[in-house]
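Encoded as structure tokens, the structure appears first; notes follow it.
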Amino acid sequence: MSDKKVRVEIVEEVALICIDNPPVNASGLAVRQGIVAALEEISAAGSIGAVGLYCAGRTFIAGADITEFGKPLQEPGLPGVCDTLENFDTPIVAVIHGTALGGGLETAMGCHARVALPSAKVGLPEVLLGILPGAGGTQRAPRLAGIPNALDLILSGRHVAAQEALEMGVIDRIMEGTPRDVALAAAREVVAGTLATRRTGTLQTAPDDAAIATTLAHVQQKHPQLISPQKCVECVAASTGDLQEGLAFERAAFMECLASPQSKALIYAFFGERAVANIPEKTAQARDIGSLGVIGGGTMGSGISTAALMAGLPVTLIEVTQEALARGVATITSNLEGAVKRGKMGAAARDAALARLTASTEMQSLSEVDLVVEAVFENMEIKKEIFGKLDGICKEGAVLASNTSYLDINEIAAMTGRPQDVLGLHFFSPAHIMKLLEVVAGENTAPQVVATGFALAKKLRKVAVRAGVCDGFIGNRILGYYLKAASYLVLDGAHPDQVDRALEGFGFAMGPHRVGDLAGLDIGYMTRKRLAATRPPEERYSGAIADQLSENGWNGRKSGKGYFVYDGRETLENPDLNAIIAEARAKAGITPRDFSVAEIVERYMTAMISEAARVVEDGIALRPVDVDVVFLMGYGFPRFRGGPLHYADTIGAAELVRRIEAYAEEDAHYWQVPDLLRKMAADGTTFADLNKGK
Ligand code: 3HC
29 MSDKKVRVEI
39 VEEVALICID
49 NPPVNASGLA
59 VRQGIVAALE
69 EISAAGSIGA
79 VGLYCAGRTF
89 IAGADITEFG
99 KPLQEPGLPG
109 VCDTLENFDT
119 PIVAVIHGTA
129 LGGGLETAMG
139 CHARVALPSA
149 KVGLPEVLLG
159 ILPGAGGTQR
169 APRLAGIPNA
179 LDLILSGRHV
189 AAQEALEMGV
199 IDRIMEGTPR
209 DVALAAAREV
219 VAGTLATRRT
229 GTLQTAPDDA
239 AIATTLAHVQ
249 QKHPQLISPQ
259 KCVECVAAST
269 GDLQEGLAFE
279 RAAFMECLAS
289 PQSKALIYAF
299 FGERAVANIP
309 EKTAQARDIG
319 SLGVIGGGTM
329 GSGISTAALM
339 AGLPVTLIEV
349 TQEALARGVA
359 TITSNLEGAV
369 KRGKMGAAAR
379 DAALARLTAS
389 TEMQSLSEVD
399 LVVEAVFENM
409 EIKKEIFGKL
419 DGICKEGAVL
429 ASNTSYLDIN
439 EIAAMTGRPQ
449 DVLGLHFFSP
459 AHIMKLLEVV
469 AGENTAPQVV
479 ATGFALAKKL
489 RKVAVRAGVC
499 DGFIGNRILG
509 YYLKAASYLV
519 LDGAHPDQVD
529 RALEGFGFAM
539 GPHRVGDLAG
549 LDIGYMTRKR
559 LAATRPPEER
569 YSGAIADQLS
579 ENGWNGRKSG
589 KGYFVYDGRE
599 TLENPDLNAI
609 IAEARAKAGI
619 TPRDFSVAEI
629 VERYMTAMIS
639 EAARVVEDGI
649 ALRPVDVDVV
659 FLMGYGFPRF
669 RGGPLHYADT
679 IGAAELVRRI
689 EAYAEEDAHY
699 WQVPDLLRKM
709 AADGTTFADL
719 NKGK
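Just so it is clear: in the sequence shown, position 87 is 115 by the numbering used here, and no numbers are missing.
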């Protein structure tokens, strides 16, 4: 087998071009050069009636090679390659299998016909990377599929199944077979005249001013901070005129997006989600997980059960009483129903999932499961008791996991005679929807058991991040710290609504007070009570306002009232909140002052970054990127800012140290410069540097 990334094979009157650039056939320089060379070779061969272009391996071209972004462009560029394909004298048919994404679909649209295998998907996901289809996609997609379909593809970035792509007009036919066989057959059909070909660029886009105007208004309202969605719409609007002018317009917009900090952050997030799999235990053999036990049928336990059932695993759910068990089963059933409604599964798959569920009040029913997740009330004594029992019940080699959000995994593991089999699997609520899983490695957890946590995450289609043991692990430890900054802001003079709006303006989906109301204020209340004895006397108490809300029984959305009042879908002001705030300020002897939006964001983000730096410094997170992925996937951190530590690099360690030192003049206990940040400020390193080589 040749090691060339692009090969030509002549079969009688047709030529086949095979692209072979594992793992995903990204169109890097060698592929682009190879396609151009292949076309020259075919021209030179003469008497070829049609060309079939297909890919080896698991997928058609999955896009431009993202690792080349930010480096000087080496010719031929992808737009030029697509033009060369389109202008080639002999008709070319692209044969799509796997996923034709971004530059991959653009390459196919540069060809003269597109055939897909039934399982293939196509998409233009560039917007998710803060860019836009920059190799003719914004010009050719509307020519093939019309403006509304093109806008849908380009702005959603979704993967469209072959049948839908056919209906849209993006592809011309669905054929079964191996990619090579289909390429050969399709090219022969082109020669025979039974598969029509045309140059996409010669088609005329039908204008649709109404669709453009509505979509533009929608993206401006939904993503006011994002550059690329708006640029995408403008490019599609430019597709109704001359092709070359449209392509030039697209090129300029693409370069502008690519140069933006937003695309750098989004591309960092894309690679970050994959980089977190690089753990010290990655070569350890994961144990086979063929079945799961879940203890606790509350929101978390039911969500975890749902996720496992949806991934095809049998689940045994344990609760103490028949009533609690029935509630758990009802929640799982309704979660699965929701998945059917969202189009995630069909009715038959739902029934099969429910058939995999066993419900029991006997812990003994867990004797044969491969992995148990304990998801009961956050109470150390109860958890210890459960793990003691599990030790006597579970088979040898079973993995014993706790879904605790804060508690010490080592203390829990010590209740068993097999601490090597114990780890934390911290799911995020709703566990069947949220994609993050913190895999918490205790001091005695075996490497195979950590690897099993990662393998389980993959099975559940989640992203696992490795965390060490401390109160709150990566995410909740940092959260616990910066929420105090939010509370201090309110105690010192800001209003919760003002704080929320400032942070929503920064890009968070919801501000901390709205999130608190959604999650339930009782959680924080109980945590503060649990930690009260360990709170150092010099720490300024931050919980006075939230405590009062909980003591009034106002625990947020579920009680209809918290920082805000909830009336159906409406969020209204809580008329009693100002009095509670005033009382807390008076008790603490605070004279309130005004805060600007900028100062709110600055203090909140500096707090988040400080604790995140300490989490890296303490080795709780392996690298800065692990913290960033936790925040992007579990805490609604704005993806276009890349995560707290990617964002920190845009501020710089020296400035962060300066800020913390200034704040420390008011509160030297809360605001302390992390050693790591001080060192970074001194030697000029960045968090990006710390990610490298790890
Ligand atoms: N460029 C470079 N590397 C890429 C890549 C790309 N476009 N797409 C995937 N990879 C790498 C991944 O980083 C990963 O590397 P690793 O093994 O070292 O971590 C490896 O390929 C395999 O990827 P996944 O683990 O994601 O494999 P999956 O099978 O789960 O998913 C996929 C495959 C659906 C193709 C997914 O990788 C994906 O969505 N890729 C990105 C697609 C995309 O965004 N394309 C548009 C690119 S921008 C563009 O084309 C610009 C153009 O308009 C000019």
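Where is the CB? At the ideal position from N, CA and C, for every residue including glycine.
C-beta atoms of residue i and residue j nearer than 8 Å
i	j	result
M328	A459	yes
G496	L507	no
Y594	S578	no
I76	V34	no
L519	R613	yes
A314	Q526	no
G185	L160	no
I176	D236	In the sequence as displayed, the identity of residue 176 is Pro instead of Ile. Contact: yes.
H140	R279	no
T85	P50	Here the sequence assigns Gly to residue 85, which means Thr is not the residue at that position. Yes, Cβ-Cβ distance for G85 and P50 is below 8 Å.
M462	G670	no
R171	S267	yes
Limits of the unbroken beta strand (DSSP E) element including residue i
i	result
L24	What is shown of the chain runs 29 to 722, which leaves residue 24 out entirely.
I47	42 to 47
C83	78 to 83
A122	120 to 124
I38	34 to 39
A474	That residue, A474, is in no beta strand (DSSP E); it is neither H nor E in DSSP.
K369	Element bounds for K369: not the beta strand (DSSP E) but the alpha helix (DSSP H), 350 to 369.
L428	427 to 430
T599	598 to 601
With 16 other Cβ atoms within 10 Å as the buried cut-off, status of residue i
i	result
S624	exposed
G617	exposed
G425	exposed
H697	exposed
L271	buried
D622	exposed
F536	buried
V348	exposed
M391	buried
Same chain, Cβ closer than 6 Å to residue i, five either side skipped, listed in chain order
i	result
Y691	W699
D31	none
D93	A54, G56
V304	V493, D654, V657
A144	I124, A190, I199, I202
E37	L44
R168	M137, T228
Boundaries (first-last residue) of the alpha helix (DSSP H) holding residue i
i	result
Y516	503 to 520
G420	408 to 421
Y591	From DSSP, Y591 is part of no alpha helix (DSSP H); its letter is neither H nor E.
L451	Counting along the chain, L451 falls outside any alpha helix (DSSP H), though it belongs to the beta strand (DSSP E) covering 450 to 455.
K463	No alpha helix (DSSP H) holds K463; DSSP gives it neither H nor E.
L337	327 to 338
Proximity to residue i [Cα-Cα], best of the options
i	options	result
E154	I295, N306, G324	I295
L286	C260, P308, E301, S267	C260
A682	D654, I609, R669, F715	F715
Q576	P564, P565, K589	K589
D379	M538, N407, M338	M338
A572	G596, A514, E627, N504	A514
V450	E471, S457, S433, I461	E471
F116	S71, T349, V198	S71
F455	P702, N53, E567, L484	L484
L353	S333, E365, N306	S333
L244	A58, L179, E694	L179
D316	K250, S256, E396	E396
V188	Y591, A239, L129	L129
L704	L718, C46, V210	L718
Beta-carbon proximity list for residue i, same chain, < 7 Å, skipping 5 on both sides
i	result
M29	Any reading at M29 is ruled out, since the residue's pLDDT is 49, under 50, leaving its predicted position unreliable.
L453	V401, A429, N431, L465, V467, G481
A441	P447, V450, G470, N472
Residue i: CB within 7 Å of a non-hydrogen atom of the ligand MG
i	result
E154	The ligand MG is not part of this structure, which contains only the ligand 3HC.
Own chain partners of residue i with C-beta closer than 8 Å, once the 5 adjacent residues on each side are dropped
i	result
L212	V39, V42, L44, G80
M538	D528, E532, L546, G664
E195	none
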